[in-house]
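Numbered as in our numbering, the sequence shown ends at 338 without a single skipped number.
In this text, a Cβ means the ideal position worked out from N, Cα and C, and glycines have one as well.
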Amino acid sequence: MTERLEKEVIRGLIDAATIANAWILTAGINNGVSKLVGEGILHYSLLRAHPNTVKCIGMTMWGTINENTRLELKTASSGNPRPLCERQIPENIQENKETIEKNHTHCILFDGGILNEYLSDSQRNQFVTEACRNKDDDHTCYGVTIIIEGGLGSLEVINNDVEQKRPVVLIQGSGRLADILATLVEQISNPDRSQVWEPSKEEIEKAFERFYSHALYSDISTQIKQIQNILKDENRHLLNVFSVDRDKNVAEAIFKAIFNAIKKKNKSQNNQKRKGETLEEEKQCRKDEDKLVGLALKWDYLNGVLPILHARQGDMIKKKTDFIQV
């Protein structure tokens, strides 16, 4: 990933979180994207005179972090008996493990009772699903996943997201999985995305060879099936590609991804409604749209507001025509 792209992605992500009062979820360790995000939050707070605190939550396994970090956390926690505060791994054994990224505001550690255990996506998926559940009119949360580089394990994340109809933004140029999927998305659709088709096994293998060649030394048949599922026609509206050379900024790309997902959902509901829709359901749909308009105005994304206003204008004209005919 180039320095220009790195700066644009991290700045855009933090700007989006600040404007929308959003939470950022990462793997929480002092390495890779988690480290970049944490350092970006630190730089943001130093550059702003009165910064808003960006909520950044790290989610990882207790067995993933190194022994020194585990020992420090156990010692700092009240109520732990002394035997539990002793080392499990001798000091003379070097560990190739990470510590927690210190600029995250929160960290959730899951303990599976095994050392060297890595986090699956089930915890994050449950967390985001629950956060996005509409409990009342005062609670609105939109989930969106940003794939920066990404290993093969990120396919589980994306599969869970498309199953839950959550949008995904692929950062083109960041490498590995993000570039594989971004290339395939653009390769198997026309420029305006009005026509799409599904990739062949050979096209996916060529993308792997180009962006993730060492993965080909192992059996990637499972990963190819995962990619084919992700790139199904019904999921394509959830996949968004950000290009630093083409798009305005990451913050707008994030909102656009959310807007496209909700627009598709509302369009699907509109095709089924009108016949049996109750007044309460229509009111709820309007409330959802009002929240989206408010978010678009905060984000200064007027292109997101205009389609909603045009649709409402069309509804008003139709209702007026129906009234006159009656």
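Going by the beta-carbon positions, is the gap between residue i and residue j smaller than 7 Å?
i           : j           : result
residue 194 : residue 207 : no
residue 252 : residue 169 : no
residue 52  : residue 22  : yes
residue 311 : residue 31  : yes
residue 68  : residue 117 : yes
residue 40  : residue 72  : yes
residue 269 : residue 156 : yes
residue 77  : residue 56  : no
residue 34  : residue 179 : no
residue 29  : residue 66  : yes
residue 119 : residue 163 : no
Rounded to whole angstroms, how far is the Cβ of residue i from the Cβ of residue j, which I believe are closer than 8 Å?
i           : j           : result
residue 128 : residue 241 : Actually they are not in contact, since the Cβ atoms of residue 128 and residue 241 sit about 29 Å apart, beyond 8 Å.
residue 188 : residue 223 : 6 Å
residue 197 : residue 20  : Not confirmed; about 20 Å, so no contact.
residue 210 : residue 250 : Rounded, the Cβ-Cβ distance is 15 Å, inconsistent with contact.
residue 74  : residue 121 : 5 Å
residue 203 : residue 275 : Not confirmed; about 19 Å, so no contact.
residue 54  : residue 115 : 5 Å
Alpha carbons only, please: which of the options is nearest the one belonging to residue i?
i           : options               : result
residue 234 : 319, 59, 269 and 165  : 165
residue 139 : 66, 167, 191 and 36   : 36
residue 17  : 162, 254 and 78       : 254
residue 297 : 25, 14, 65 and 146    : 146
residue 160 : 141, 29 and 186       : 186
residue 237 : 167, 299 and 34       : 167
residue 192 : 178, 176, 179 and 227 : 227
residue 158 : 265, 177, 13 and 307  : 265
residue 143 : 176, 89 and 13        : 176
residue 14  : 256, 267, 315 and 295 : 256
residue 199 : 59, 308 and 248       : 248
Verify the CB distance criterion: does residue i have a CB-CB separation below 7 Å to chain B?
i           : result
residue 301 : Among the protein chains of the structure shown there is no chain B, as only one such chain exists.
Is residue i near the ligand GTP, with its Cβ less than 6 Å from a heavy atom?
i           : result
residue 253 : This structure lacks the ligand GTP, and indeed carries no ligand of any kind.
Complete beta strand (DSSP E) runs within the region 13-72 (minimum length 3 residues, chain order): The region 13-72 is shown to contain whole beta strand (DSSP E) runs of 3 or more residues at 35-38, in chain order.
Cβ contact check for the region 216-227 and the region 301-316: 3 or more pairs under 8 Å: In short, these stretches do not touch, since the Cβ pair count stays below three.
Touch test, the region 109-127 against the region 38-48, Cβ-Cβ under 8 Å, three pairs minimum: Flag = yes, the region 109-127 and the region 38-48 touch.
The region 79-91 / the region 129-143 touching (three or more Cβ pairs under 8 Å): Contact fails: fewer than three Cβ-Cβ distances are below 8 Å.
Sequence ranges, alpha helix (DSSP H) only - wholly within the region 221-275, length at least 4: Counting only runs of 4 or more, we get 233-242.
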